[in-house]
Structure formats: structure tokens, C-alpha cells
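J.: Below: one structure in C-alpha cells.
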Amino acid sequence: MKETLLSALACPKCHGQLQYDANNQQLICLADNLVYTIKDNIPVLLECEAQPLNKPLSTQE
Numbered sequence: 001m002k003e004t005l006l007s008a009l010a011c012p013k014c015h016g017q018l019q020y021d022a023n024n025q026q027l028i029c030l031a032d033n034l035v036y037t038i039k040d041n042i043p044v045l046l047e048c049e050a051q052p053l054n055k056p057l058s059t060q061e
């Protein structure tokens, strides 16, 4: 995912910064402990589609 796109995206619930998990193709909101999937290179930023974050992830990317 391009850095410019990533910097423009925000969590739809808290409007906070999202972390990109390239290995699993998902965006993570650490403030809300939610995971947003990326399908066909398109982030699905719908709160109703988010999954709970089950495990802590490294903050380095």
C-alpha cells in the first residue's frame, strides 16, 4: 500500500491512525483494537466489517 494513501486513511470509529500489516493485508487500529481487511487492494473501512484484534502486533513495519 502506498505511503501517501496510508497517511490519508483513518479509523472510521475513532478517526485515529491505522497501521498497515502487509503480511496479512489488513489495517489495524490499536486504539480500538480493531482490524480492517484489504480486499483486492481496497481497504474495507466499515466499522461493521471490522474484526477484533486478537493478538498484539509489532509496531514496526
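Going by full-length UniProt numbering, the residue at position 6 of the sequence shown is 6; the numbering climbs one at a time, nothing skipped. Here a beta-carbon is modelled for each residue, glycine too, at the ideal position from N, C-alpha and C. Computed from a prediction, not measured in an experiment: that's the story for all the values here.
Please classify isoleucine 42 as buried or exposed, where buried requires at least 16 other C-beta atoms within 10 Å of its C-beta.
T.: Under this definition isoleucine 42 is an exposed residue.
J.: Quick check on leucine 27: does DSSP put it in helix, strand or coil?
T.: If DSSP states are grouped into helix, strand and coil, leucine 27 belongs with the strands.
J.: Could you check how far apart the C-beta atoms of tyrosine 36 and glutamine 26 are, in whole angstroms? I think they sit under 8 Å.
T.: Yes, tyrosine 36 and glutamine 26 are in contact; Cβ-Cβ is about 6 Å, under 8 Å.
J.: Alpha carbon to alpha carbon, how far is aspartate 32 from threonine 4?
T.: Cα to Cα, aspartate 32 sits roughly 23 Å from threonine 4.
J.: Helix, strand or coil for aspartate 53, going by three-state DSSP, please let me know.
T.: According to the sequence shown, residue 53 is leucine rather than aspartate. Here leucine 53 sits in coil by DSSP.
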